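Here is the structure we will look at, set down as structure tokens.
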Amino acid sequence: SAFSYVSVGKLSKIKIPLPPIEKQQEIVDELDNYQEIVDGAKQIIDSYEPQIEIEQKWGFIEIEKISEIRPKKSEISKITTNKEVSFVPMSILNDHNPNFSPTEKKIISEVFQGYTYFRDNDVLLAKITPCFENGKSGIAKNLKNGIGFGSTEFIVIRANQEKVLPDWVYYFISQQTFIDHGKKTMTGSAGQQRININFVKNYKIPVPKIETQKQLISQINNERSLIQANIELTKIMNNKIQKKLNFIWGK
1 SAFSYVSVGK LSKIKIPLPP IEKQQEIVDE LDNYQEIVDG AKQIIDSYEP
51 QIEIEQKWGF IEIEKISEIR PKKSEISKIT TNKEVSFVPM SILNDHNPNF
101 SPTEKKIISE VFQGYTYFRD NDVLLAKITP CFENGKSGIA KNLKNGIGFG
151 STEFIVIRAN QEKVLPDWVY YFISQQTFID HGKKTMTGSA GQQRININFV
201 KNYKIPVPKI ETQKQLISQI NNERSLIQAN IELTKIMNNK IQKKLNFIWG
251 K
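Okay, so the sequence shown: first residue is 1 according to this note's numbering, each after it adds one.
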């Protein structure tokens, strides 16, 4: 096959900006400073995983005993079929982040058959590879009319909020320990493997009092806010780097 190349002649004719040495050093120092901030923020982002110190006195309970798995569509059978609801494809769920923005809308008659049903505060868990291994999951919030439909590759977990918070369930199904155990239950052909739903139903999580759950989830949310701030910081610094390079090249 042919290889693309640039001739020495053409390369020698390319003009580059050449400010005085002092100015060059000033620019290099500025770009290095931006890059150091980006690298530091990325290190924080990549190394962060929320941690809860579990107390044995809390007791461990199977997920299916404190939640409803795969709520039935019959719940909304009496709702008019032309009502708008949110539509959530797999692509808008994030990895290891419960928040997502359900911006797409459809009417119930378009999605009632062939899609997965859920409501506000339901936990969505990707069951197919590689989404499951990547930690793709979330908590449904701000759905149109409180109702959503989405990918058939979601497992929906509706927490019994008298016993457990949706955020608490999410925390444990997004942990690497859960993912590692779940991978061992996967079946199906390559590229189409899915976790066994009985694994999710029977997986035990600690369940302290609701007030304790609220306090610990609040701490994690504060930590996540700091992580999000670092994500925004990397965007700002990368933008500064690009603007400086564009200025140098006269763009």
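Don't be surprised by glycine CBs; every beta carbon is placed ideally from N, CA and C.
These figures come from a predicted structure and were not determined experimentally.
State the Cα-Cα distance for the pair Tyr115 and Ser67, rounded to the nearest angstrom. Start at 1 with the first residue of the sequence shown, and residue 115 comes out as number 115. Start at 1 with the first residue of the sequence shown, and residue 67 comes out as number 67. Going by the C-alpha atoms only, they are around 21 angstroms apart.
Counting C-beta neighbours from all protein chains within 10 Å, is the total for Leu18 16 or more, i.e. buried, or is it exposed? Mapped onto the sequence shown, residue 18 falls at position 18. So Leu18 ends up on the exposed side.
Rounded to a whole number of angstroms, what is the C-alpha to C-alpha distance between Thr296 and Ile173? Absent from the structure is residue 296, since the part of the chain shown begins at 1 and ends at 251.
Pair every Cβ in the stretch 161 to 181 with every Cβ in the stretch 205 to 223, then say whether three or more of these pairs are closer than 8 angstroms. yes
Would you say Ile16 reaches chain C, if we count a Cβ-Cβ gap shorter than 8 angstroms as a contact? No chain C is part of this structure, which consists of one protein chain only.
Decide if Phe149 is buried, meaning its Cβ has at least 16 other Cβ atoms within 10 Å, or exposed. Along the sequence shown, one-based indexing puts residue 149 at 149. Buried, because 16 or more other Cβ atoms sit within 10 Å of the Cβ of Phe149.
Endpoints, the beta strand (DSSP E) within which Ser137 is located: Counted from its first residue, the sequence shown places residue 137 at position 137. 136 to 139 is the span of the beta strand (DSSP E), which, as asked, contains Ser137.
Is there contact between the stretch 57 to 77 and the stretch 110 to 124, where contact requires at least three CB pairs shorter than 8 angstroms? yes
Could you give the DSSP three-state label for Tyr34: helix, strand or coil? Counted from its first residue, the sequence shown places residue 34 at position 34. In this structure, Tyr34 counts as helix in the three-state DSSP scheme.
Coil, strand or helix - Pro50 by DSSP: Taking the first residue of the sequence shown as position 1, residue 50 is located at position 50. Pro50 falls in the coil class under three-state DSSP.
I need the DSSP call for Asp95, collapsed to helix, strand or coil. For the purposes of this step, residue 95 is taken as the residue at position 95 of the sequence shown. Three-state result, Asp95: strand.
Compute the Euclidean distance between the alpha carbons of Gly40 and Phe178, then round it to the nearest angstrom. For the purposes of this step, residue 40 is identified with residue 40 of the sequence shown, where counting begins at 1. For the purposes of this step, residue 178 is identified with residue 178 of the sequence shown, where counting begins at 1. C-alpha of Gly40 to C-alpha of Phe178: approximately 29 angstroms in a straight line.
In terms of residue numbering, what span does the alpha helix (DSSP H) encompassing Gly182 cover? Walking along the sequence shown from the start, residue 182 turns up at place 182. From DSSP, the alpha helix (DSSP H) with Gly182 extends over 176 to 183.
Among Phe132, Lys23, Asp95, Asn239, nearest to Ile45 - alpha-carbon criterion: Within the sequence shown, residue 45 is the residue found at index 45, counting from 1. Of Phe132, Lys23, Asp95, Asn239, the residue nearest in Cα terms is Asp95.
Flag this pair as yes or no: are the beta carbons of Lys106 and Phe87 separated by less than 8 angstroms? Position 106 of the sequence shown, counted from the start, is the residue given in the question as residue 106. Position 87 of the sequence shown, counted from the start, is the residue given in the question as residue 87. Taking 8 angstroms as the Cβ cut-off, Lys106 and Phe87 qualify as a contacting pair.
Beta carbon of Gln192, beta carbon of Ile147: below 8 angstroms? Locating residue 192 in the sequence shown gives position 192, counting from the first residue. Locating residue 147 in the sequence shown gives position 147, counting from the first residue. In this structure, Ile147 does not lie closer than 8 angstroms to Gln192 by Cβ.
Relative to the C-alpha of Trp168, which candidate in Asn221, Glu26, Leu143, Lys15 has its C-alpha closest? By 1-based counting over the sequence shown, the position of residue 168 is 168. Ranking Asn221, Glu26, Leu143, Lys15 by Cα distance to Trp168 puts Asn221 first.
If you scan the stretch 194 to 250 from start to end, which runs of the alpha helix (DSSP H) of 4 or more residues do you find wholly inside it? 197 to 202, 210 to 248
Within 8 angstroms, do at least three Cβ pairs link the stretch 236 to 246 to the stretch 27 to 35? yes
Helix, strand or coil at Glu110 according to DSSP, with G and I counted as helix: For this step, residue 110 is matched to residue 110 along the sequence shown. Helix, per DSSP.
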